[in-house]
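J.: Chains as they are written, first to last, in the numbering used here: chain A, 1 to 313; chain B, 314 to 602.
Here a beta-carbon is modelled for each residue, glycine too, at the ideal position from N, C-alpha and C.
#1: Grouping DSSP H, G and I as helix and E and B as strand, with all else coil, what is residue 611 of chain B?
#2: Within 9 Å (strictly less), CB to CB, does residue 529 of chain B reach chain A?
#3: For the candidate residues B:479, B:546 and B:553, whose alpha-carbon lies nearest to that of residue 512 of chain B?
#4: Residues of chain B with CB under 7 Å from residue 24 of chain A, in chain order?
#5: Against residue 497 of chain B, what residues of chain A qualify as contacts under a CB-to-CB distance less than 9 Å, listed in chain order?
#6: Under 8 Å: do the segment 24-32 of chain A and the segment 397-412 of chain B share three or more Cβ pairs, one atom per stretch?
#7: For residue 476 of chain B and residue 252 of chain A, I'd like the C-alpha separation in whole angstroms.
#8: Are the C-beta atoms of residue 148 of chain A and some chain B residue less than 9 Å apart?
#9: So that I know if they touch, is there some Cβ in chain B lying closer than 9 Å to that of residue 304 of chain A?
#10: On the DSSP letters alone, give me the boundaries of the alpha helix (DSSP H) that residue 128 of chain A sits inside.
#11: With 16 other CB atoms within 10 Å as the buried threshold, where does residue 58 of chain A fall?
#12: Across which residues does DSSP place residue 80 of chain A in a beta bridge pair?
#13: Answer with yes or no whether the minimum CB distance from residue 551 of chain B to chain A is below 9 Å.
#14: Confirm, please, whether the CB-CB distance from residue 72 of chain A to residue 337 of chain B is below 9 Å.
#15: What separation, rounded to the nearest whole angstrom, lies between the Cα atoms of residue 380 of chain B and residue 517 of chain B?
#16: Would you kindly work out how many angstroms separate the C-alpha atoms of residue 453 of chain B and residue 549 of chain B, rounded to a whole number?
#17: For chain A, is any of its Cβ atoms less than 9 Å away from the one on residue 579 of chain B?
#18: Given that residue 573 of chain B touches chain A, what residues does it touch there, using C-beta distances under 7 Å?
#19: Might you give, ordered along the chain, the residues of its own chain that have their beta carbon closer than 7 Å to the beta carbon of residue 3 of chain A, omitting 5 neighbours on each side?
#20: Going by CA-CA distance only, name the one from A:276, A:290 and A:302 that's closest to residue 444 of chain B.
#21: For the structure I just gave you, are there three or more beta carbon pairs, one from the segment 200-207 of chain A and one from the segment 167-182 of chain A, closer than 8 Å?
#22: Could you name the residues of chain A that residue 406 of chain B contacts, counting a contact when the two beta carbons are closer than 8 Å?
#23: Are the segment 142-160 of chain A and the segment 206-220 of chain A touching by the rule of at least three beta carbon pairs closer than 8 Å?
#24: Using beta carbons (cut-off 9 Å, strictly below), is residue 16 of chain A in contact with chain B?
#25: Spatial neighbours of residue 537 of chain B within its chain, please: CB distance less than 6 Å, with the 5 preceding and 5 following residues excluded, ordered by chain position.
#26: When Cβ atoms are compared, which residues of the segment 148-179 of chain A fall closer than 8 Å to chain B?
#27: Measure the C-alpha to C-alpha separation of residue 556 of chain B and residue 544 of chain B and round it to an integer number of angstroms.
#28: Taking only beta-carbon positions, decide if residue 598 of chain B is within less than 9 Å of chain A.
#29: Using 9 Å as the limit for Cβ to Cβ distance, is residue 327 of chain B near chain A?
#30: Roughly how many whole angstroms lie between the Cα atoms of residue 288 of chain A and residue 263 of chain A?
#31: Would you say residue 74 of chain A reaches chain B, if we count a Cβ-Cβ gap shorter than 9 Å as a contact?
#32: Taking residue 103 of chain A and residue 171 of chain A to be in contact with their CB atoms under 8 Å, please state how far apart those CB atoms are, rounded to whole angstroms.
#33: Can you check whether the C-beta of residue 129 of chain A is within less than 9 Å of a C-beta belonging to chain B?
#34: Going along the chain, which residues of the segment 343-377 of chain B sit with their C-beta nearer than 8 Å to a C-beta in chain D?
#35: Is the distance from the Cβ of residue 80 of chain A to the Cβ of residue 249 of chain A below 9 Å?
#36: Please classify residue 415 of chain B: does DSSP put it in a helix, a strand, or coil?
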């Protein structure tokens with residue numbers, strides 16, 4: 001009996017000991033885990049630093065060979081003959097972006113108004129995922145569509161248009177960003193409280209008047225932010241313009257001509273016969289940092305607008 | 314008299330409303346029409362070229378023999394690296410930001426940094442991969458360089474969607490767990506993560522389906538266009554489906570368009586399946602609390 005008691009006591013002590021060891025292990029985990037998680041969180045910061053470091057290092061090398069002013073104010077881009085004026089690439093990028101925005105803004109906002117103000121719950125549940133499919137299609141597919149379908153179609157309308165042209169690429173970039181504008185604007189409009197709509201409807205306003213005079217102004221910051229974000233996406237879009245817009249750096253705003261964008265040049269420069277640390281190789285990064293700054297400014301502007309002008313109800 | 318004016322005015326307002334309602338429906342239909350035209354075009358051009366041989370052949374100089382096998386295997390191998398790397402780092406980042414980080418400047422900096430990374434054009438990630446993985450780390454134009462570049466590209470998307478999933482786990486069940494004597498990590502590992510996992514998986518699948526379709530950064534980090542073997546190590550040369558499609562699109566002879574369309578059909582079927590799974594998970598586990 002007594003020895004039994006002893007045994008039991010011992011085993012209890014063992015258990016306590018074991019528990020203490022477990023607790024130590026647990027304590028260790030409690031201390032290690034946050035450190036591991038923090039290290040993972042730092043990866044995204046390191047990525048940003050990496051991007052800045054990469055772009056800066058190579059473009060500084062570039063700007064020691066080609067003066068900054070020649071780069072940004074030069075109007076002749078033919079890197080294989082040592083002419084590095086980036087204006088034609090910027091013009092090409094802006095042309096594509098302008099065409100895309102002309103397509104995407106009216107259609108995207110009209111979609112958003114329909115979905116948030118007119119559509120029944122059921123219609124919205126069906127249509128929204130269908131629009132989201134547009135956003136999930138790889139851009140190489142859009143490029144193929146622009147080159148083999150939209151271009152030949154447009155060539156029937158504009159007979160002197162080339163198969164590689166800014167217009168078909170711009171139109172298709174526009175189609176690509178429709179769901180982005182539609183979905184973000186719809187979110188902004190849905191956030192406008194029902195009571196505002198009901199008040200206006202109760203005063204005898206039509207749905208259209210409610211949309212235009214109540215919902216749209218209230219959701220304006222969100223809508224503008226979505227447009228700015230879409231502009232950024234259009235500026236950075238690569239495969240559609242690489243496949244469909246051609247590879248002709250061209251200081252023109254004529255959409256029927258073949259052009260080249262910032263992104264399309266990066267692809268051409270990286271796949272062509274460019275040796276490591278040649279001037280052309282460095283120029284890829286100078287173009288890259290220009291692109292990066294453009295899109296970064298747009299993204300910051302978009303975040304600023306949606307934060308600064310957010311209406312609180 | 315004034316009554317009459319008012320009714321006609323009301324009538325015209327009602328008509329304007331009808332007109333614009335029609336216009337908005339028309340715009341929505343137009344967007345869906347683009348989608349239909351795109352699918353119709355690709356299916357009508359490529360369907361005849363999709364076959365078992367097309368799925369298991371390597372690239373070839375002749376249209377009848379060209380196949381997508383190297384691209385399919387390359388995409389699978391790439392995802393086998395990209396998925397674990399990006400999901401582990403992404404979910405960890407989200408856990409840190411949501412559960413551990415104090416509300417201070419450093420936390421806000423990481424948060425803003427992640428949001429800005431999500432808006433950086435994919436081709437810029439390609440330049441990062443080219444300098445860092447290909448040249449500085451000396452991986453060359455290999456599978457691992459491409460896969461790591463892709464991991465960094467999808468990381469912000471996974472972080473943001475995981476954060477939303479973790480945030481939507483109600484405070485009460487955490488408090489209940491802590492109240493039962495569980496430690497913070499036990500609560501996270503056994504209570505918060507299981508509850509957030511449907512949302513995390515949904516976001517991750519959507520992010521990875523974007524990665525499978527990405528072309529631009531892989532062109533920059535040197536995915537090859539003609540590969541006659543499947544990767545046998547991290548340091549193998551590789552190609553992926555979108556790169557093969559791109560290289561077919563870029564050929565001058567028009568017949569290669571049909572092969573490109575066939576490749577696109579295979580790619581789109583895979584992506585639609587992934588999206589369907591994501592939507593299914595989202596609907597099945599929605600509103601559990």
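T.: This is what the structure holds:
#1: Within the shown structure, residues of chain B are numbered from 314 to 602, placing residue 611 of chain B beyond reach of any answer.
#2: Position 216 of the second chain, counting from 1, holds the residue named residue 529 of chain B. Answer yes: the Cβ-Cβ gap between residue 529 of chain B and chain A drops below 9 Å somewhere.
#3: On the second chain, position 199 is the one that residue 512 of chain B refers to. Taking each of B:479, B:546 and B:553 in turn and checking the Cα distance to residue 512 of chain B, the smallest one comes out for B:479.
#4: Within the first chain, the letter at position 24 stands for residue 24 of chain A. What residue 24 of chain A touches in chain B, judged by beta-carbon distance under 7 Å, is nothing: the nearest beta carbon there is about 13 Å away.
#5: For the purposes of this step, residue 497 of chain B is taken as residue 184 along the second chain, with counting starting at 1. For the C-beta of residue 497 of chain B, the chain A residues within less than 9 Å are, from N- to C-terminus, 30, 33 and 34.
#6: The segment 24-32 of chain A makes no contact with the segment 397-412 of chain B, as fewer than three CB pairs between them are under 8 Å.
#7: Residue 476 of chain B sits at position 163 when you count from the first residue of the second chain. Residue 252 of chain A sits at position 252 when you count from the first residue of the first chain. When only Cα atoms are considered, residue 476 of chain B and residue 252 of chain A end up about 45 Å apart.
#8: Walking along the first chain from the start, residue 148 of chain A turns up at place 148. Yes, residue 148 of chain A lies at the interface with chain B (some Cβ there is under 9 Å from its Cβ).
#9: Your numbering for residue 304 of chain A matches position 304 in the first chain. Between residue 304 of chain A and chain B, the shortest Cβ-Cβ separation is not below 9 Å.
#10: Locating residue 128 of chain A in the first chain gives position 128, counting from the first residue. First-last of the alpha helix (DSSP H) with residue 128 of chain A: 121-136.
#11: What you label residue 58 of chain A is simply residue 58 of the first chain in a count that begins at 1. Classification for residue 58 of chain A: buried.
#12: Against the first chain, residue 80 of chain A aligns to sequence position 80. Answer is none; residue 80 of chain A lacks a bridge partner.
#13: Counting from 1 along the second chain, the entry for residue 551 of chain B is found at position 238. False, the Cβ-Cβ gap to chain A never drops below 9 Å.
#14: To locate residue 337 of chain B, count along the second chain from 1; it is residue 24. To locate residue 72 of chain A, count along the first chain from 1; it is residue 72. In this structure, residue 337 of chain B keeps its C-beta atom at 9 Å or more from the C-beta atom of residue 72 of chain A.
#15: Counting from 1 along the second chain, the entry for residue 380 of chain B is found at position 67. Counting from 1 along the second chain, the entry for residue 517 of chain B is found at position 204. Here the alpha carbon of residue 380 of chain B sits roughly 29 Å from the alpha carbon of residue 517 of chain B.
#16: As a first step, residue 453 of chain B must be located in the second chain, where it is residue number 140. As a first step, residue 549 of chain B must be located in the second chain, where it is residue number 236. C-alpha separation (whole angstroms): 10 Å.
#17: Mapped onto the second chain, residue 579 of chain B falls at position 266. No, because no Cβ of chain A sits closer than 9 Å to the Cβ of residue 579 of chain B.
#18: Indexing the second chain from 1 puts residue 573 of chain B at position 260. Within chain A, the residues 144 have their CB atoms less than 7 Å from the CB of residue 573 of chain B, given in chain order.
#19: For the purposes of this step, residue 3 of chain A is taken as residue 3 along the first chain, with counting starting at 1. Confidence at residue 3 of chain A is low in this model, with a pLDDT of 49, below 50, so its placement is unreliable and the value that follows should be read with caution. Nothing listed; no residue qualifies.
#20: For the purposes of this step, residue 444 of chain B is taken as the residue at position 131 of the second chain. For the set A:276, A:290 and A:302, the Cα lying nearest the Cα of residue 444 of chain B is the one of A:276.
#21: They do not touch, by the three-pair rule.
#22: Position 93 of the second chain, counted from the start, is the residue given in the question as residue 406 of chain B. Within 8 Å Cβ-Cβ: 37, 40, 41, 43 and 44.
#23: No, they do not touch.
#24: As a working note, residue 16 of chain A is residue 16 in the first chain. Under the Cβ criterion of 9 Å, residue 16 of chain A is not counted among the residues facing chain B.
#25: Here residue 537 of chain B refers to the residue found at position 224 when the second chain is read from its first residue. A distance below 6 Å between beta-carbons, with the five flanking residues on each side excluded, links residue 537 of chain B to the following residues of its chain, in chain order: 550 and 552.
#26: Listed in sequence order: 148, 149, 175, 178 and 179.
#27: Taking the second chain and counting its residues from 1, the one referred to as residue 556 of chain B is at position 243. Taking the second chain and counting its residues from 1, the one referred to as residue 544 of chain B is at position 231. Rounded to the nearest angstrom, the two C-alpha atoms are 15 Å apart.
#28: Residue mapping note: residue 598 of chain B aligns to position 285 of the second chain, counting from 1. Output row for residue 598 of chain B: interface = no.
#29: The sequence position of residue 327 of chain B within the second chain is 14, counting from 1. Closer than 9 Å to some Cβ of chain A, the Cβ of residue 327 of chain B qualifies, so yes.
#30: Translated into positions along the first chain, residue 288 of chain A becomes position 288. Translated into positions along the first chain, residue 263 of chain A becomes position 263. Their backbone Cα atoms lie some 8 Å apart in a straight line.
#31: The residue labelled residue 74 of chain A in the question sits at position 74 within the first chain. Using a CB distance cut-off of 9 Å, residue 74 of chain A does not count as an interface residue toward chain B.
#32: The residue labelled residue 103 of chain A in the question sits at position 103 within the first chain. The residue labelled residue 171 of chain A in the question sits at position 171 within the first chain. Between residue 103 of chain A and residue 171 of chain A a beta carbon distance of about 6 Å is seen, short of the 8 Å cut, so the two are scored as contacting.
#33: The residue you call residue 129 of chain A lines up with position 129 of the first chain. Answer yes: the Cβ-Cβ gap between residue 129 of chain A and chain B drops below 9 Å somewhere.
#34: Annotation note: the requested chain D is absent from the structure, which comprises protein chains A and B.
#35: On the first chain, residue 80 of chain A is found 80 positions in, with the first residue counted as 1. On the first chain, residue 249 of chain A is found 249 positions in, with the first residue counted as 1. No. Outside cutoff.
#36: Looking up residue 415 of chain B in the second chain gives position 102. In the three-state reduction of the DSSP assignment, residue 415 of chain B falls in the coil class, being assigned neither a helical nor a strand state.
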